[in-house]
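Following UniProt numbering, the numbering of the sequence shown begins with 1 at its first residue and continues without gaps. We treat Cβ as the ideally placed atom computed from N, Cα and C, and that holds for glycine.
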Amino acid sequence: MNKQKSFDKLKANEGALYLVPTPIGNLQDMTYRAIDMLHKASIIASEDTRNTQKLLNHFEIKTPQISFHDHNFRERIPELIGRMLEGEMIAQVSDAGMPSISDPGHELVVACIEADISVVALPGATAGVTALVASGLPADQFTFYGFLPRKKSEQLTELTKLKDKLETTIFYESPYRVKTTFMNMATVFGDERPAVLCRELTKLHEEYLRGTLLEIATYLEENDIKGECCILVGGISESQLLEEEQSTWEGLNVLEHIEEVMQLSQVSSKEAIKKVAKLRGLKKQEVYSEYHQD
């Protein structure tokens, strides 16, 4: 167990890691606290120093940078940990949005925790949640997936794992692959599954395409789009889920059905009995008695 009182160590002038969000498009989304932290930091660990320098120039921040990305993080982490142990405050930023979400940072966070160094996250912009709340799809529960595999076979495999989720699922995608991705989604999730494609978030040409997977896939066949994309796919309806599950157990008796649910869902017999009763439209006591042969 690790207990962190984030600001106690700071009073003792001990070092810390600050995870600082940057705008996902509109520079006005930079917070006062984020700007202040980048001013105060000893050094800024940046995914792309050239990209971050534009941000620093805009806000007249003179703090030096050090590169920290997917290709050098293993070499950088010991150096950064050493500096924080000596009392330095280090700010880490990605090219856009929150560090560690589809960007470098997780390994550095883990290393700081192991070294008993405070990790402080500043709140700020993140593309997935920004798109979600304006999508029109349910936002009370959601799954964030990020980038799907590039190979078609691997992508189809991952989508198959996600197709029965009841909540909205959030994906990131390149504009060069988004057309193929939507076709694959329509194949796995079904043409009529509700979805939203959002691009150029917070920028002048921000755009939402709302419709079914097939409608958006058809649009993309006829139109080229630019800008990083966020895809949101609505969850499967409970009626559709029940129909799909029914097709898998229609040839099973009650006992076989319970055993299958226990194996596939990795649940106890008690939970499996409740699910089987619901699926078959039976009373739970009837299913319980048959399972236990009372």
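Here the stretch 81-90 lies against the stretch 13-24, with 3 or more beta-carbon pairs under 8 Å apart. Nearest C-alpha to Tyr219 among Ala195, Ser237, Ile61: Ala195. Cβ-Cβ distances below 7 Å link Ile101 to Thr126 in the same chain, with the five nearest sequence neighbours on each side left out; the list follows chain order. Residue state for Glu88 is assigned as coil, using DSSP reduced to three classes. DSSP, reduced to helix, strand and coil, places Gln53 within a helical segment of the structure shown.
Collapsing the DSSP output to three states places Gly146 in a strand.
In the DSSP annotation of this structure, Ser94 is not part of any alpha helix (DSSP H), being labelled neither H nor E. Cβ atoms of Leu255 and Tyr291 come within 8 Å of each other, at about 6 Å.
Burial is judged here by how many other beta carbons sit within 10 angstroms of a residue's own beta carbon; Glu222 has fewer than 16 and is exposed.
From the listed residues Met98, Asp140, Lys275, Lys54, the smallest Cα separation to Thr22 is found for Met98.
Judged by DSSP in its simplified three-state form, Ile170 adopts strand.
The C-alpha of Glu167 is placed about 21 Å away from the C-alpha of Lys274. Between Cys229 and Ser135 a beta carbon distance of about 13 Å is seen, past the 8 Å cut, so the two are scored as non-contacting. Secondary structure note for Leu197: its beta strand (DSSP E) is the uninterrupted segment 194-199.
Within a 10 Å sphere around the beta-carbon of Val276 sit 16 or more other beta-carbons, which makes this residue buried.
Annotation for Tyr219: no beta strand (DSSP E) segment contains it, though the alpha helix (DSSP H) segment containing it runs 213-222.
An exposed status is given to Asn57, since fewer than 16 other beta-carbon atoms sit within 10 Å of its beta-carbon. Annotation: Leu204 to Ile225 spans about 14 Å, alpha carbon to alpha carbon.
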